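For the protein sequence lines, the chains are A and B, in the order given.
Taking full-length UniProt numbering, the leading residue of the first sequence gets 1, the next gets one more, and so forth.
Taking full-length UniProt numbering, the leading residue of the second sequence gets 1, the next gets one more, and so forth.
The C-beta atom is built at its ideal place from N, Cα and C for all residues, glycine as well.
Note that the structure is a prediction, hence the values are computed from the model and not measured.
This report concerns only the one structure given below.
2 protein chains.
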Amino acid sequence: MPALDDTDIKILNALQQDGRLSNAELAAKVNLSPSACLRRLHLLMAGELVAGTHLVLDQKMVGYPGTAYVFLTLDGQDRKQLDAFEARIKLIPQVQECYLLAGQADYLLRVVYKDSEDLERLHSEVLTRLPGIRRVQSTMTLRTVKRTAMLPL
Amino acid sequence: MPALDDTDIKILNALQQDGRLSNAELAAKVNLSPSACLRRLHLLMAGELVAGTHLVLDQKMVGYPGTAYVFLTLDGQDRKQLDAFEARIKLIPQVQECYLLAGQADYLLRVVYKDSEDLERLHSEVLTRLPGIRRVQSTMTLRTVKRTAMLPL
DNA sequence: AAAAAATGCGTATAGGCGTACCCAAGGAAA
DNA sequence: TTTCCTTGGGTACGCCTATACGCATTTTTT
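Below you can see the structure in the form of structure tokens.
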């Protein structure tokens, strides 16, 4: 990755906060002319550094007020079984994140749900029926204290 | 919140995938004239539904390849102590998420780190020194299987 | 059932913005 | 010192955004 100077960092931080800033607004924020700003922007966007820019919706407002973490234990750990499991997990929209933990057979999921009934359904009708699942343990969250996508630069 | 029809959902889904789509591109995607599309877009953006749009960077590329989950146990559970803790947590950039769990004294954090040394520092020099902390237990992730911000609509 | 009101699309137009290109200035390399 | 390379500013052109207006369809009212 290319070296980032202070201006690049200012640009990235501004766009982390508001990804729909126009180039003109951005240029004003970082004290650059629009043309110079746009050139840097294009280089940054073309680089490997940026994963994308996304609209983020209010979880409550779209009907998914609940967030839970789910620990999954698989009974086998061979490659083929893990791949099958992971392919399936990626298709479940309510699963927002999935990490492989130590031991090659434990996964951690973050799921969103509409209400307790929905979580129960997700738990018993979807997750437990995934291939090779031995154990499903959910931890509900009571409140979101902090949630950010701002990486420190 | 206002009722969403199919076109609204198409717009939101398109912007969840690519938040920098221009109105013209968006209009083409959802089979609408630019003006009609823009009108809907403004209404949606002004509503409570949208939390914002953000540039998301590649964690590895910006030097934070590691993700860990940290369970925190506090020794007191009075309101004042929790507020003090939460205010401090919000100021730590490496803490990407923080949830209150059941029991009013357990928190779950998702943190990013540069290397094991960095995680160790975060663990022993930052988190354990937060006010009212009794126990800090970290769980490292080996691999990110899935990570999305797409909420099902 | 007819009329009126409301909702929402498309077209048109003016102005602003994104885009590409050129030039200038500063610093590094030879 | 000369040349090259990097990076910022300026300008011209074309597209996009924004707003107003007219029209069609649906819904409400009487």
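query: Residues sharing a beta bridge with Val70(A), DSSP; result: Leu109(A) and Ser138(A)
query: Spatial neighbours of Met1(A) in its chain, beta-carbon cut-off 8 Å, leaving aside the 5 residues before and after; result: In this prediction, Met1(A) scores a pLDDT of 49, lower than 50, which makes its location untrustworthy; no coordinate-derived value is stated.
query: Chain-ordered chain A contacts of Gly52(B) [CB-CB under 9 Å]; result: Gln17, Asp18, Gly19, Arg20, Leu55 and Val56
query: 8 Å Cβ cutoff, Lys10(B) in contact with chain A; result: no
query: Reference Lys60(A), options Gln17(B), Ala105(B), Ala51(B) and Asp78(B), closest by Cα; result: Ala51(B)
query: Classification of Asp8(A) by the beta-carbon crowding that lies within 10 angstroms, buried from 16 upward; result: buried
query: Three or more C-beta pairs below 8 Å linking the stretch 32-47 of chain A and the stretch 104-115 of chain A; result: no
query: In DSSP terms, what Ile133(A) is bridged to; result: Leu74(A)
query: Helix, strand or coil at Val126(B) according to DSSP, with G and I counted as helix; result: helix
query: Simplified DSSP state of residue 165(B), which is helix, strand or coil; result: Nothing can be reported for residue 165(B), as the shown portion of chain B is limited to 1 through 153.
query: The stretch 131-140 of chain A in contact with the stretch 54-71 of chain A per 3-pair CB rule at 8 Å; result: yes
query: Within-8 Å CB hit, Ile133(A) to chain B; result: no
query: Any chain B beta carbon closer than 8 Å to Glu25(A); result: no
query: Strand pairing of Lys146(A), partner residues [DSSP]; result: Cys98(B)
query: Chain A within 8 Å of Gln77(B), Cβ atoms only; result: no
query: Alpha carbon of Val62(B) to alpha carbon of Ala102(A), nearest angstrom; result: 24 Å
query: Beta-carbon separation (whole angstroms), Ile133(B) vs Leu127(B), contact threshold 8 Å; result: 7 Å
query: Chain A contact for Val112(B) (CB, 8 Å cutoff); result: yes
query: Burial state of His54(B), where buried means 16 or more other Cβ atoms lie within 10 Å; result: buried
query: Test: Thr143(B) CB closer than 8 Å to a CB of chain A; result: First, the residue type needs correcting, since residue 143(B) is Arg and not Thr in the sequence shown. Yes - at least one Cβ of chain A is within 8 Å of the one on Arg143(B).
query: Cys98(A) at chain B interface by Cβ criterion, 8 Å; result: yes
query: Cross-chain neighbours of Val95(B) in chain A, by beta carbon under 9 Å; result: Lys146 and Thr148
query: Test item: CB-CB of Gln94(B) and Leu122(B) under 8 Å; result: yes
query: Beta-ladder partner(s) of His42(B), from DSSP; result: According to DSSP, which records beta bridges pairwise, His42(B) is partnered with nothing at all.
query: Same chain only: Cβ atoms within 7 Å of Leu100(A), ignoring 5 sequence neighbours per side; result: Tyr107
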